[in-house]
Amino acid sequence: MKVSEILTASSVLELRSFGSYFDIKKILEKEIGNKLGVNGWESLFFKIHSLKKIVSLNYKLLVSVCERNSFTESKKEISNILKLKIKARDRQELKHKASLIITTFSSGFFDPYEHYERTKLKKFKNSSKLEGIEIEYPDESTSLESVLAKYRR
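Residues 1 to 153 (full-length UniProt numbering) are what the sequence shown spells out, left to right.
Dropping the structure here:
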């Protein structure tokens with residue numbers, strides 16, 4: 001099971017469909033290298049969504065906090081921002097855990113299939129232009145019946 005699948009869950013029921021609570025929690029904790037501090041399905045679901053939101057809103061702040069303060073202040077401030085108790089022994093480990101959390105919970109997941117589906121029509125149209133064929137985008141509101149009615153004799 002991929003972490004990206006877990007992070008796309010839109011409800012607690014969908015999160016449960018991925019497996020047992022302990023397996024999902026263990027996968028996420030292993031990915032970020034830190035405990036999540038949750039004790040049930042709902043708290044796990046809300047922690048995932050709150051971390052996604054916090055990371056997307058405070059990305060630059062999380063990166064800069066690791067550099068500008070002393071180690072203990074940085075650790076405390078990152079823990080307060082993420083609402084997660086970060087365990088790190090030195091600045092290097094703190095930077096590593098912060099970067100793991102940022103990469104895991106940032107919303108920039110790249111799904112190649114989704115990208116293909118979004119760009120295939122545009123690329124087909126542009127490649128057809130090279131061969132002298134003009135293709136127009138089909139109107140989303142047209143139905144099969146209207147197309148058939150247009151070309152019936």
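Glycine is no exception: its CB is placed at the ideal position from the N, C-alpha and C atoms.
Small disclaimer: the values here were computed from a predicted structure and weren't measured.
{"Query": "Looking at the structure shown, is E136 part of a helix, part of a strand, or coil, going by DSSP?", "Result": "coil"}
{"Query": "Using a Cβ-Cβ cutoff of less than 6 Å, which residues in the same chain neighbour I81 once the five nearest sequence positions on both sides are dropped?", "Result": "N58"}
{"Query": "Rounding to the nearest angstrom, what Cα-Cα distance links K25 and K85 in this structure?", "Result": "16 Å"}
{"Query": "Output the distance between the C-alpha atoms of S74 and V65, rounded to the nearest integer angstrom.", "Result": "6 Å"}
{"Query": "Counting beta carbon pairs with one atom in the region 31 to 44 and one in the region 95 to 106, are three or more of them shorter than 8 Å?", "Result": "yes"}
{"Query": "Start and end of the alpha helix (DSSP H) containing V38?", "Result": "Looking at the DSSP string, V38 is not in any alpha helix (DSSP H), and its letter there is neither H nor E."}
{"Query": "Can you list, in chain order, the residues of its chain with a C-beta nearer than 8 Å to that of L36? Leave out the 5 residues immediately preceding and following it.", "Result": "K25, L28, E29, L44, K47 and L84"}
{"Query": "Per DSSP, what kind of secondary structure is L84 in: helix, strand or coil?", "Result": "coil"}
{"Query": "Quick check: the Cα distance between L121 and L51, rounded to an integer number of angstroms?", "Result": "35 Å"}
{"Query": "Can you tell me whether I6 is buried or exposed? The criterion is at least 16 other CB atoms within 10 Å of its CB, across all chains shown.", "Result": "buried"}
{"Query": "Check whether the Cβ of E117 lies closer than 9 Å to any Cβ atom in chain B.", "Result": "Within the model displayed, chain B is absent; a lone protein chain is all it includes."}
{"Query": "What is the C-beta distance between K76 and A88, in whole angstroms, given that I count them as a contact (C-beta under 8 Å)?", "Result": "Going by Cβ atoms, the distance from K76 to A88 rounds to 11 Å, so no, they are not a contact pair."}
{"Query": "According to the Cβ coordinates, are I135 and S128 closer than 9 Å?", "Result": "yes"}
{"Query": "Please report the residue range of the alpha helix (DSSP H) in which N69 lies.", "Result": "Careful: N69 lies outside any alpha helix (DSSP H) and carries neither H nor E."}
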